[in-house]
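These protein sequence lines map, in sequence, to chains R and C.
Under our numbering, the first residue of the first sequence carries the number 9, and numbering increases by one thereafter.
Under our numbering, the first residue of the second sequence carries the number 9, and numbering increases by one thereafter.
We put the beta carbon where it would ideally sit given N, CA and C, even for glycine.
2 protein chains.
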Amino acid sequence: MRIGIDAMGGDQAPAEVVKGAVAARELLTSGDKIVLVGIESAIADCLSASDGPTDHIEIRHTDQMLDMDEPPVESLRNKPRCSIAVMAEMHRDGEIDACISAGNTGACVAAAQMRLRRLRGVHRPGIAVITPTPAGPVAVCDVGANVNCRPAHLYQYGIMASVYVQAIGGIKEPRVGLLSIGEEAAKGNALVRETRALLQTDKNLHFVGNVEGRDLFSGNCDVMVCEGFVGNVVLKLIEGMAISVGEAIIRELLGVLPENAPSIQRAARQLMGKYDYNEYGGAPLLGVAGISIICHGASSYRGIMNAVRVAKEFANFQVNQKIVELVNEGQEMPATDRSNNA
Amino acid sequence: MRIGIDAMGGDQAPAEVVKGAVAARELLTSGDKIVLVGIESAIADCLSASDGPTDHIEIRHTDQMLDMDEPPVESLRNKPRCSIAVMAEMHRDGEIDACISAGNTGACVAAAQMRLRRLRGVHRPGIAVITPTPAGPVAVCDVGANVNCRPAHLYQYGIMASVYVQAIGGIKEPRVGLLSIGEEAAKGNALVRETRALLQTDKNLHFVGNVEGRDLFSGNCDVMVCEGFVGNVVLKLIEGMAISVGEAIIRELLGVLPENAPSIQRAARQLMGKYDYNEYGGAPLLGVAGISIICHGASSYRGIMNAVRVAKEFANFQVNQKIVELVNEGQEMPATDRSNNA
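Have a look at this one:
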């Protein structure tokens, strides 16, 4: 398997990205290669500063880069040789089997949609993020690829995220919850009510009904389906709150137990490590005809390394093949073709 | 001022509600009364068990109650003598000047909309919840009254919640943020982009632009405007997460410092107290022609007592008069009449 990594994407690129690519060597099997895409001289500098073997790494030079906050579609048009665009084209042309980037998320989504296209029968790709919680990990899908969701899109997020959780989490029968503002079927908005009707008739899904914001921490579902705007708000809220509440608790404890400061800080670090997004190594864009893993912009080398692990598991479990089977099950070809344009 | 309280609403009703009504005596000024609405015998039992003076309390008997999860509109139709409906009618008829309930939120919203109607020029009422965070309180509006928001509704939430925060928080020039999935103007969905255009042209508002989920904890806004579905998800997520993360940190610390268990638990209790919704005493339904304060279903007597404080401040600051002025500023009457039907 050949895994492309955007060497120029992320707050700590290229140094941490290259470090992650070097460290990922231990995850590779015979014949696997990592292709770092970006400015060759910068990558080469990082590689020569690294202390491990680099015989698993190739470089593909590009001379354009995107900033984190550039408007995605325009930027891809104006900078056709940026690392994200080049990597998506390499994937399309079969030069690599997966893309990993900690760069501009919108550009990753746009590049994958434009270059890789969608899996047969999939209406819209969605990003699935594994959210670590004290009650266990929950895959939230979508977290921002699609802010104009229709019921059919959300329904497919339930299918696709279930397959992903089976692949990555080893959960045989993932429990799927639909994020709403009350457990009762009548609550929520029209999008939720119509999505619920679709989810509950699918025999292949273990749909547990509507769930609420608090259920992300109650351990009653493995997959939480939601519209991309809501999912993105949820994701960023959790990130902001974990840091804020954690710091407040530490401050309060240091006030009461100043003599135990080292132990308190150690316990806090251990705990925060359990909820570190770097452990989960990026989120796949589910539904595209390829493997596109999007990492947190602040990813450390461990985040990049774990994204390589996710890409390998994604391929080994044949996530895309299973998604195509489930999404098209019981559908005649004409219906699939129609729905592809929905 | 005469303040109606739904004695039958809430997980701990009527006992905690009546206890809160008795304790609220210290917040009242000369001539103020509290009218407990509900089953007279149950209220009387709680009053005779109470240990403070009750000369500020009157009872209005009703013989119907709503469950927390009954569908609001149907229930109000089927149980026209339930405490929530009776209280709204008393408010409409001038028998009381405010309604407080820890019961079925949807029924409180529906009863207020049907019996009290909207303030002149207001399109849709919205619930504003003060969310305590380590960086300071933030008023989130709407948190579930309106799941079919248009830009004009969200814009008015910004105006109304600003007035409310001035009244309750004493903040002279509240900073208003629009919840989105990126700070850039182009990000978000169509609803957010159109709302932003309205918010940024209003000279009376201190609009700070789009904010993200994490900004609830960054202290950069006093008011966060969002659509009711998103706001409700946010609210419940925070509640679930505060408990979950707090418990996880305590567990971790008890493992490291078992000998300090009492201090750790004391510090945790102190901290959780700072973020206790009971301190904020319920959330007003902004935009109705009256005062409707909706409390958390699990409110303790302190939650009820603080709701009485909120109702008093709401009236003293003349929140509704100020909302009407700002919402209709620069508008001719015909435009206002039109917008009232939007």
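Residue pairing by DSSP puts alanine 136 (chain C) in a beta bridge opposite C:Cys149.
One finds Thr141, Gly221, Arg222, Leu224, Phe225, Leu245, Ile246, Met249, Ala250, Val253 in chain R with Cβ atoms closer than 9 Å to the Cβ of methionine 249 (chain C), taken in chain order.
In terms of beta-carbon proximity, phenylalanine 215 (chain C) stays away from the interface with chain R, with every pair separated by 9 Å or more. The beta carbon of alanine 106 (chain C) is closer than 6 Å to those of Ile11, Ile299, Ala319 in its chain, skipping five residues each way along the sequence. A direct Cα-Cα distance of roughly 6 Å separates glycine 46 (chain R) from arginine 68 (chain R). Lysine 41 (chain C) has C:Arg10 as its beta-bridge partners, per DSSP. Secondary structure of histidine 161 (chain R) (DSSP, three-state): helix. Counted as a single uninterrupted DSSP element, the stretch harbouring proline 22 (chain C) is not any alpha helix (DSSP H), since DSSP gives it neither H nor E. Straight-line measurement puts the Cα of valine 335 (chain R) at about 7 Å from the Cα of glutamine 164 (chain R). When DSSP assignments are scanned along the segment 223-304 of chain R, the uninterrupted stretches of beta strand (DSSP E) that are 3 or more residues long and fall wholly within it turn out to be 231-233, 291-294, 300-302.
Taking the Cβ atoms as the reference, isoleucine 301 (chain R) lies roughly 4 Å from glycine 290 (chain R), within the contact range of under 8 Å.
Taking a C-beta distance under 9 Å as the contact criterion, valine 219 (chain R) and leucine 187 (chain R) qualify as a contact pair. Relative to the Cα of leucine 199 (chain C), the nearest Cα in the group C:Val238, C:Gly178, C:Ser226 belongs to C:Val238.
Out of R:Ala120, R:Leu213, R:His131, R:Gly178, the CA that lies nearest to the CA of glycine 166 (chain R) is found in R:Leu213.
Membership of alanine 198 (chain R) in the alpha helix (DSSP H) is indicated by the continuous run 198-207. Neighbours of glutamine 326 (chain R) in chain C, taken as residues at a C-beta separation under 8 Å, are lacking, since the least C-beta distance is about 32 Å. A Cβ-Cβ separation of about 22 Å leaves asparagine 86 (chain C) out of contact with glycine 152 (chain C) under the 8 Å criterion. Distances from the CA of proline 292 (chain C) to each of C:Ala269, C:Ala205, C:Val173, C:Gly254 were compared; the closest alpha carbon is that of C:Val173. Only Ser271, Ile272, Arg274, Ala275, Ala276, Gln278, Leu279 from the segment 269-280 of chain C bring a Cβ to less than 8 Å from some Cβ of chain R. Under the criterion of beta carbons closer than 8 Å, leucine 279 (chain R) and valine 242 (chain C) do not qualify as touching, at roughly 23 Å.
In this structure, the alpha-carbon of alanine 93 (chain R) lies about 15 Å from that of alanine 297 (chain R).
Taken in chain order, the members of the segment 181-200 of chain R whose beta-carbon sits within less than 9 Å of a beta-carbon on chain C are Leu187, Ser188, Ile189, Gly190, Glu191, Glu192, Ala194, Lys195, Gly196, Asn197, Ala198, Leu199, Val200. Within the segment 32-77 of chain R, the complete alpha helix (DSSP H) runs of at least 4 residues fall at 48-57.
Contacts between asparagine 156 (chain R) and chain C, judged by CB atoms closer than 9 Å, involve Asn197, Ala198 in chain order. Beta-carbon to beta-carbon, alanine 52 (chain R) and proline 22 (chain R) are separated by about 10 Å, too far to satisfy the 8 Å threshold.
Of the candidates R:Asp101, R:Ile272, R:Gly248, the residue whose Cα lies closest to the Cα of isoleucine 258 (chain R) is R:Ile272. Here serine 308 (chain C) is buried, its C-beta having at least 16 other C-beta atoms within 10 Å. The contact set of isoleucine 257 (chain R) on chain C, defined by CB atoms closer than 9 Å, consists of Val253, Gly254, Ile257, Ile258, Leu261, Ala275, Ala276, Leu279 in chain order.
For arginine 317 (chain C), the closest C-alpha among the options C:Ala175, C:Gly227, C:Pro140 is that of C:Ala175.
Taking a C-beta distance under 9 Å as the contact criterion, cysteine 149 (chain C) and valine 137 (chain C) qualify as a contact pair. Taking CB atoms only, aspartate 210 (chain R) has no neighbour in chain C less than 9 Å away.
Out of R:Arg100, R:Ala96, R:Leu127, R:Ile104, the CA that lies nearest to the CA of valine 117 (chain R) is found in R:Ala96.
The beta carbon of arginine 183 (chain C) sits closer than 6 Å to the beta carbons of His214, Val216, Cys229, Asp230 from its chain, once the five residues preceding and following it are set aside; these are given in chain order.
9 Å or more divides the Cβ of cysteine 234 (chain C) from the Cβ of glycine 18 (chain C).
Taking CB atoms only, proline 79 (chain C) has a neighbour in chain R less than 9 Å away. Identification of chain R residues near leucine 162 (chain C) by a Cβ-Cβ cut-off of 7 Å yields none; the smallest Cβ-Cβ distance measures about 13 Å.
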